[in-house]
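Peer 1:
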Amino acid sequence: MERELLIECQRGSRSAQRKVYEKMAGKLYAVCRRYLKNDEDIEEVLADTFYKIFTKITQLQDLNTFEGWARKIAVNECLQKLRAVKAQFISMDDHFIETSETLSESISFEKDILNLLNFLPEGCRAIFNLFAIEGYPHKEIASMLSISEGTSKSQLNFARKKLQELLVNQNI
1 MERELLIECQ
11 RGSRSAQRKV
21 YEKMAGKLYA
31 VCRRYLKNDE
41 DIEEVLADTF
51 YKIFTKITQL
61 QDLNTFEGWA
71 RKIAVNECLQ
81 KLRAVKAQFI
91 SMDDHFIETS
101 ETLSESISFE
111 KDILNLLNFL
121 PEGCRAIFNL
131 FAIEGYPHKE
141 IASMLSISEG
151 TSKSQLNFAR
161 KKLQELLVNQ
171 NI
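Residue numbering for the sequence shown follows the UniProt record's numbering, beginning at 1 and increasing consecutively.
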């Protein structure tokens, strides 16, 4: 991201904010998509994310970290949304993952693995994203989601197992 553009955003320039939005919206949408299924929820979280970005950008000390900082805001907003809808962490014995014909459509490895995440329950998907994609340790995940480390680990293992099953079923 261009330093001058970010400085203009810090000064409150609407045109600079629009340019930042245009450059970052796709990336942050993809981050939100990994956590949330519903397009309306994603759009809501994206709007909240950009609101926070533009109201808090003056607090950002190192403009070189802007993209990572914005991404972290998006992740936190997604987690907040999941908490707001009281996402249920599943019992391993009671859960059944639906498979559908849409699952067998167009498989292009990376996209499809991310698409397969949509077939996981919200709690598992959030933990998988935080651990495997965002790189958070279980201790921090547990703190972020107000769960135990053991729950984080078991949900991650469950997510991995289900993803493997889905991959095998799709011959990927």
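Ideal placement from N, C-alpha and C gives every residue a C-beta, glycine not left out. All of these numbers come straight from a predicted model, not from anything done at the bench.
Apart from the five residues on each side of it in sequence, which residues of its chain come closer than 8 Å, Cβ to Cβ, to R125?
Peer 2: Excluding positions up to five away in sequence, the list reads R34, Y35, L117, N118 and A159.
Peer 1: Does DSSP classify E2 as helix, strand or coil?
Peer 2: If DSSP states are grouped into helix, strand and coil, E2 belongs with coil.
Peer 1: Taking the alpha carbon of E71 as the reference point, which residue from A25, Q10 and M144 has its own alpha carbon closest?
Peer 2: According to the sequence as given, residue 71 is Arg; it is not Glu. The shortest Cα separation from R71 among A25, Q10 and M144 belongs to A25.
Peer 1: Thinking C-alpha only, which one of L163, S146 and N169 is nearest residue 179?
Peer 2: Only positions 1 to 172 of the chain appear in the structure, and residue 179 is not among them; the question remains open.
Peer 1: Are the beta-carbon atoms belonging to R3 and L46 less than 8 Å from one another?
Peer 2: No, Cβ-Cβ distance for R3 and L46 is not below 8 Å.
Peer 1: Within a Cβ cutoff of 7 Å, which residues of the same chain sit near C9, ignoring the five residues on either side of it in sequence?
Peer 2: Here the set comprises A16, Q17, V20, F54 and I57.
Peer 1: Please name the residue, chosen from G123, D41 and E140, that lies closest to L156 on a Cα-to-Cα basis.
Peer 2: Comparing Cα-Cα distances from L156 to each of G123, D41 and E140, the minimum goes to G123.
Peer 1: What is the DSSP secondary structure of residue 185, reduced to helix, strand or coil?
Peer 2: The displayed coordinates of the chain run from 1 to 172. Any statement about residue 185 would go beyond what the structure contains.
Peer 1: Tell me the start and end of each unbroken alpha helix (DSSP H) in the UniProt domain "RNA polymerase sigma-70 region 2" (21 to 84) that is at least 4 residues and wholly inside, in chain order.
Peer 2: You should have 39 to 56 and 66 to 84.
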